[in-house]
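These protein sequence lines are chains A and B, in that order. First residue of the first sequence: 1, per full-length UniProt numbering; consecutive thereafter. First residue of the second sequence: 1, per full-length UniProt numbering; consecutive thereafter.
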Amino acid sequence: MDLKIRGSVHTPEKHDSAEKHVTGRADYADDIAAPEGTLHAALGLSGVARGRIKSLDLSEVEAFPGVVGVLTARDIPGVNDVSSTGRHDDPVFAEEEIAFHGQPVFAVIAETRDAARRAAKKARIDVEELPHVIDVAEAIEAGYPNVTEPLTLQRGDVGPALEAAPHRLAGTLRVGGQDHFYLESHIALAIPGEDDEVTVVSSTQHPSEVQHMVAHVLGVPSNAVTVAVRRMGGGFGGKETQSSLFAAVAAVAAKRYGRAVKLRPDRDEDMIATGKRHDFLIDYEVGFGDDGRVLAMSGDFAARCGFSADLSGPVTDRALFHADNAYYYPTVRLVSRPLKTDTVSNTAFRGFGGPQGVIAAERIMEEIAYALGKDPLEVRKANFYGTGERDVTPYHQTVTDSILERIVGELEEDADYAARREAVLVHNASHRIVKKGIALTPVKFGISFTATWFNQAGALVHVYNDGSIHLNHGGTEMGQGLFVKVAQVVADCFQVDLDKVKITGTTTAKVPNTSATAASSGTDLNAMAAKAAAEEIKERLVAFAVEAFDVPPEQVAFEPNTVRVGNTRFPFPEFIKKAYLGRVHLSAAGFYKTPDIHWDRAAGKGRPFYYFAYGAAVSEVSVDTLTGEYRVDRVDILHDVGRSLNPAIDRGQVEGAFVQGMGWLTTEELWWDEKGRLRTHAPSTYKIPLASDRPRVFNVRLADWSENREPTIRRSKAVGEPPFMLAISVLEALSMAVASTADYCVCPRLDAPATPERVLMAIERLKGEGQKE
Amino acid sequence: MTAIRRDIRFLLNDDEIRLEAVGPNDTLLDHIRLARRLTGTKEGCAEGDCGACTVLIGRLTEKGLRYEPVNACIRLLASVDRCHVVTVERLAGPHGLHPVQQAMVAEHASQCGFCTPGIVMSLYALWLSVPEPGEAEIETALQGNLCRCTGYQPIVDAARAACALGNPAEDFLVTGREAIAAKLTSFDGARVEVEKDGARAFLPADLEDFAELRADMPEATIVAGATDVGLWVTKEMRDISPAIFVGHLTELKEIAEDEAGLTLGAAVTYSEAAASIRRMFPHLSEFWPRIGGWQVRNMGTVGGNIANGSPIGDTPPVLIALGARVILRHREERRILELEDFFLDYGRQDRKPGDFLEAIHIPRPAPDTLNAAYKISKRRDEDISAVCGAFALRLDGDTVASVRIAFGGMAATPKRARGVEAALQGKPWTEETVAAAASAFAGDFSPIGDWRASADYRALIARNLLLRFFYETSDIGEPVRLSAMPVPEAAGWT
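Printed below as a string of structure tokens:
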């Protein structure tokens with residue numbers, strides 16, 4: 001008998017689809033054999049940023065060879081809206097008003113995708129153009145409205161506290177947005193069924209919402225619509241709400257023509273027509289003491305939300321929730337400004353506003369350090385949340401689980417921070433062209449959806465009478481390894497080898513009313529639900545054994561691939577067969593909701609987060625001061641995932657998040673022209689990191705001593721988003737290299753993304769300021 | 001009259017394919033995915049920039065059968081005539097995963113898995129050709145593959161680990177070499193004409209056949225590597241019919257090195273030219289691998305980079321600084337032109353209807369010439385230049401005897417900085433001279449601002465690149481470029 005099962009919790013099990021990934025046998029939505037006669041849809045996008053449609057002439061589109069028909073807003077049987085927040089501000093197709101360049105106006109359905117795409121170009125849309133606003137600052141100036149209610153978080157009276165502070169400074173930080181650039185674009189395949197039914201295969205993180213939106217657009221109840229997704233080729237938040245539009249168009253077409261319809265936009269269309277990470281314009285004012293401790297902090301967080309609300313409310317809320325990052329602000333006032341702009345509606349993206357909050361906190365630490373001539377790390381440490389004192393956040397939640405001092409202390413030592421910083425200073429003193437910079441930044445990230453009701457999950461577990469197990473839950477697999485982690489938990493519950501647990505695709509027909517796989521919560525929620533289902537089946541099995549074999553319950557044990565009843569050991573399948581014959585119900589639905597969380601948004605008070613995840617990174621860079629080009633020389637990370645369910649998967653999340661965060665802060669630039677057109681809408685113009693951009697030396701370690709203080713699934717912690725923000729250390733290291741050109745006297749206020757251009761221009765600016773002095 | 005074949009013939013994994021209905025706009029990727037249902041190869045961007053569609057293409061060359069990774073999304077189907085196309089489905093055998101696949105699994109190098117088949121194919125090509133790849137070779141092999149999930153470290157680790165697994169000599173592409181070559185040879189080399197829905201594609205039998213076809217069809221689109229034309233098809237949905245494919249013409253693939261210099265046939269790819277370029281122009285060793293990604297360099301041609309007339313092509317400024325000339329041909333007539341004179345204005349070149357670019361001649365620099373070429377882009381690899389600057393300088397003692405400076409990204413065409421050159425000519429090669437001459441850039445160029453760079457940044461970069469060239473040609477006792485900075489020791493904590 002094996003002493004242990006294969007693939008239990010806390011083991012570095014490979015991704016369940018790894019072999020399918022490398023052989024090309026993993027099916028994505030576009031790979032599934034489509035039903036006979038499948039039609040293809042293409043979207044017709046607006047060519048102006050804002051205006052009124054005077055006429056829409058689609059005659060040439062309809063006449064194009066291979067075209068079956070066109071759909072406009074008038075052809076929508078239900079409601080022309082896919083607004084995730086129920087605000088009715090997110091039309092499938094523009095009706096009279098054009099709200100952004102690239103907004104879908106119609107769809108063309110044809111026999112082939114090629115014919116549909118070519119036909120879509122034949123539309124003649126006559127639009128009366130209206131003035132538009134692209135940028136956050138312009139929107140403020142033009143008095144544009146908010147797309148959703150702003151939030152204020154405050155503690156104490158910040159005005160007098162600023163007045164009273166020995167030092168005081170104010171500044172502005174511009175932070176660019178980010179395209180998700182999942183490698184698999186959006187896609188939906190809708191297959192019509194009987195009566196009002198339709199099944200949609202959608203690349204989505206939120207099957208239940210897609211289901212509800214498709215029902216809403218079709219004008220049918222949710223029970224008519226099934227949404228399924230086996231896996232996505234990446235999501236990162238971009239497939240939380242944005243999938244609905246594609247699914248809805250495919251479903252409307254499928255019902256109308258009685259044939260399956262696939263809609264897969266081209267990469268450029270995907271990037272133009274779907275939302276991204278919010279750009280922010282952050283104004284801050286901070287008062288602090290000689291020791292570098294913040295005494296008062298005031299921040300105004302204006303965000304480019306685009307034309308509709310989408311998730312901008314919770315995203316801008318989360319920016320405020322993280323504007324403290326790891327630091328205690330004795331007096332604080334934070335205000336969000338979720339601004340409307342005439343651009344695509346921005347949406348969820350890994351971190352969900354958190355990164356834009358954290359980056360402001362880190363800028364403030366940097367400002368204080370330059371103002372006082374200190375090592376920024378010293379300022380950071382002086383401001384860390386305390387234990388039992390200085391521990392209340394701007395939203396009045398007490399931080400009780402901080403392990404940052406230990407994390408930062410270990411990292412500082414392991415990465416040899418002090419000596420390396422000294423070496424950087426020495427290098428910069430003796431070199432005039434290539435300058436270096438180093439920075440250590442921490443992260444504290446709150447885990448839970450701030451919309452409390454989303455913190456629930458369901459799962460469905462069947463044990464078949466041959467002992468094989470079927471696992472299903474509401475979480476979706478986008479590459480993050482959720483499925484294998486949940487399967488490890490279930491295998492552990494039953495004490496069977498991992499390969500006895502069949503992982504199955506997400507479908508709204510099995511587990512209803514699920515939350516988006518988002519907010520890093522996939523494993524926390526779904527693994528708990530799956531565990532609940534498994535435990536329920538186990539309870540029935542124990543009861544059966546007690547009755548059938550006349551033993552007390554404590555003598556029934558699930559041992560590796562075996563069930564022990566008294567002194568008898570049955571192989572798991574044999575025991576299951578007996579239970580089946582004994583008429584035991586071998587299927588269970590499990591449910592979980594996160595305990596102890598609450599949030600009063602109007603008051604700005606509560607406990608929105610169940611716990612915090614922590615981490616820290618040291619980055620060292622070299623900068624060419626003639627061109628602004630740079631290289632990330634070394635990165636050391638120590639990150640907290642609690643007691644890891646799967647250290648290989650978790651490590652992959654940390655590394656991947658860091659590099660993605662680095663892309664956000666360095667080379668990924670969204671650039672709109674004066675006509676409101678996004679011009680960086682494909683990999684030729686929008687540059688995400690490549691293998692050669694990753695740090696020359698990349699040391700990543702999980703804090704293996706950490707355990708979640710809350711009873712989460714096996715004391716693990718969420719991992720998807722928190723490490724994204726560790727990349728802020730790269731931005732600050734670049735900033736230090738820039739600062740060296742002016743003898744570290746001025747905080748460079750390097751905005752993001754710090755493209756080579758922005759770095760060089762910051763150097764030039766510092767030169768200019770140096771001359772003025 | 002040349003014999004005409006009316007189908008294209010190629011090998012797809014183990015199958016021989018003959019297709020009659022092929023249009024010039026058909027892509028290899030669509031054929032693989034839609035017609036053959038080989039869905040392992042993915043479409044990520046349809047513009048040759050993400051690598052999710054990477055396949056290997058084997059073709060007959062003078063040195064035998066040569067396999068290279070390419071982007072199937074912009075590789076036009078007609079151009080795979082007489083080639084062997086290898087997709088990810090062919091890799092895993094009856095005995096299990098290929099060593100590259102095993103290593104990818106063992107290193108946890110896939111997350112969402114969508115980019116993975118393309119990455120496997122690039123690493124497979126590397127595994128076949130480089131026994132123990134170093135960091136730089138691995139990164140170069142991955143230049144054309146984007147991954148959004150992993151951060152790449154495990155992929156790089158897998159590339160290294162794969163070398164310890166399996167033996168390339170036993171791989172089916174090596175053991176099957178002769179049989180595959182024989183098969184490809186048996187697809188005769190006649191002119192090929194194929195058509196679909198009235199759109200026509202021509203593959204001339206040889207250079208003479210091409211010269212005639214070209215003169216007869218001056219309106220035809222010439223397709224060499226399709227790294228630009230492919231996007232006209234996939235993105236602009238332009239109909240490129242009639243199209244004449246030239247990437248297979250051995251006469252246009254000739255590379256001749258002699259005392260006078262290097263002559264490249266117009267269809268020589270960046271990859272094919274690389275060895276000669278490195279040998280004759282060592283200053284381009286760092287520059288050349290920054291053109292496109294690996295897949296793009298295996299398809300794209302130096303001739304195409306010139307003939308498309310782009311103001312931001314990487315090679316024209318470099319070649320202008322070196323004094324390159326182009327050989328234009330119309331039937332049997334040839335014209336030789338200074339490359340800088342070929343570019344007349346934005347989108348306009350000195351080319352008459354029916355002309356085609358036959359070859360590029362790059363003179364061998366005088367031994368005492370100081371040369372440099374710099375590319376500035378947002379991302380180091382696989383990016384399009386914001387600014388590209390090239391310098392060629394000869395000193396007489398400390399005095400500038402001759403200087404040629406050319407820039408891309410600074411004007412509507414690749415162009416020389418004649419004002420700056422004049423300001424340097426005959427002056428002592430000092431920082432003062434350089435600083436003074438740099439102000440002449442303002443007269444030479446009025447760059448535009450766009451998503452790659454603002455006008456101010458471009459103007460500043462031009463001045464600073466001259467300064468960099470000065471520093472690099474003078475001993476200033478410190479590294480001038482990032483690549484000259486020591487890389488930190490790989491040993492970190494474990």
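A virtual CB, placed ideally from N, CA and C, is assigned to each residue, including glycine. Note that this is a predicted model, so its numbers are computed, not measured.
Within the same chain, and ignoring the five residues on either side of Glu707 (chain A) in sequence, the residues whose Cβ sits closer than 8 angstroms to its Cβ are Gly642, Arg643 and Arg715. Taken through DSSP and simplified to helix, strand or coil, Gln211 (chain A) comes out as helix. DSSP places Trp599 (chain A) within a strand segment (E or B) once states are collapsed to three. When DSSP states are grouped into helix, strand and coil, Ser202 (chain A) belongs to the strand group.
When rounded, the separation of the alpha-carbon atoms in Asp704 (chain A) and Val133 (chain A) is 49 angstroms. Within the DSSP bridge table, the entry for Thr369 (chain B) names no partner. Assignment of Lys485 (chain A) by DSSP, reduced to helix, strand and coil, places it in the helix class. Ranking A:Arg634, A:Ala613 and A:Tyr610 by CA distance to the CA of Val621 (chain A) puts A:Arg634 first. DSSP, reduced to helix, strand and coil, places Asp456 (chain B) within a helical segment of the structure shown. Ala307 (chain B) is classed as buried because its beta carbon has at least 16 other beta carbons within 10 Å across all chains shown. The C-beta separation of Phe724 (chain A) from Arg380 (chain A) comes to about 19 angstroms, leaving the pair out of contact by the 8 angstroms criterion. Against chain A, the CB of Ser454 (chain B) has a partner CB under 8 angstroms away; the residue lies at that interface. The region 345-359 of chain A makes contact with the region 307-323 of chain A, as at least three CB pairs between them are under 8 angstroms. For Gly354 (chain B), the CB contacts under 7 angstroms within the same chain, skipping 5 residues up- and downstream, are Arg214, Ala215, Pro218 and His330 in chain order.
Chain B has a Cβ within less than 8 angstroms of the Cβ of Met478 (chain A).
Excluding residues up to 5 positions away in sequence, Ala415, Tyr417, Leu440 and Asp636 lie with their Cβ nearer than 6 angstroms to the Cβ of Val618 (chain A) in the same chain. Around the beta-carbon of Ser59 (chain A), fewer than 16 other beta-carbon atoms lie within 10 Å, marking it exposed.
Only buried fits Pro24 (chain B), as 16 or more other CB atoms lie within 10 angstroms of its CB. Annotated three-state conformation of Gln102 (chain B) is helix, per DSSP. Taking Trp672 (chain A) as the centre and dropping the five residues before and after it, the same chain places the C-beta of Ile134 and Leu678 closer than 6 angstroms to its C-beta, in chain order.
For Tyr374 (chain B), the secondary structure class from DSSP, reduced to helix, strand or coil, is strand. Excluding five sequence positions before and after Val746 (chain A), the CB atoms of its chain that fall closer than 7 angstroms to its own CB belong to Tyr370, Ala739, Leu766 and Glu769, given in chain order. Within chain A, no residue has its CB atom less than 7 angstroms from the CB of Met217 (chain B), the nearest being about 24 angstroms off. Just so you know, the alpha carbons of Lys436 (chain A) and Gly409 (chain B) end up roughly 29 angstroms apart. Interface annotation, His84 (chain B): not in contact with chain A, CB-CB separation never under 8 angstroms.
Cβ neighbours of Asp391 (chain A) within its own chain (closer than 6 angstroms, five residues either side excluded): Tyr385, Thr398 and Val399. Counting of Cβ neighbours within 10 angstroms places Leu76 (chain B) among the buried residues, the total reaching 16 or more. A buried status is given to Asp114 (chain A), since no fewer than 16 other beta-carbon atoms sit within 10 Å of its beta-carbon.
Cβ neighbours of Asp7 (chain B) within its own chain (closer than 7 angstroms, five residues either side excluded): Arg18, Leu19, Glu20 and Val194. Taking one beta carbon from each stretch, the region 13-30 of chain A and the region 103-114 of chain B have 3 or more pairs nearer than 8 angstroms; the two touch. Taking the Cα of Glu286 (chain B) as reference, the smallest distance to any Cα among B:Leu29, B:Leu11 and B:Ser483 is reached at B:Ser483. Counting C-beta atoms within 10 angstroms of its own C-beta, Gly258 (chain A) has fewer than 16 neighbours from the protein chains shown and is therefore classed as exposed. Beta bridge pairing from DSSP links His361 (chain B) with B:Thr263 and B:Arg325.
Met297 (chain A) is a Cβ neighbour of Val332 (chain A), given a cutoff of 8 angstroms.
A distance below 7 angstroms between beta-carbons, with the five flanking residues on each side excluded, links Arg325 (chain B) to the following residues of its chain, in chain order: Ile336, Leu337, Glu338, Leu339 and His361.
When the alpha-carbon of His681 (chain A) is set against those of A:Ala41, A:Val82 and A:Ser185, the nearest one is in A:Ser185.
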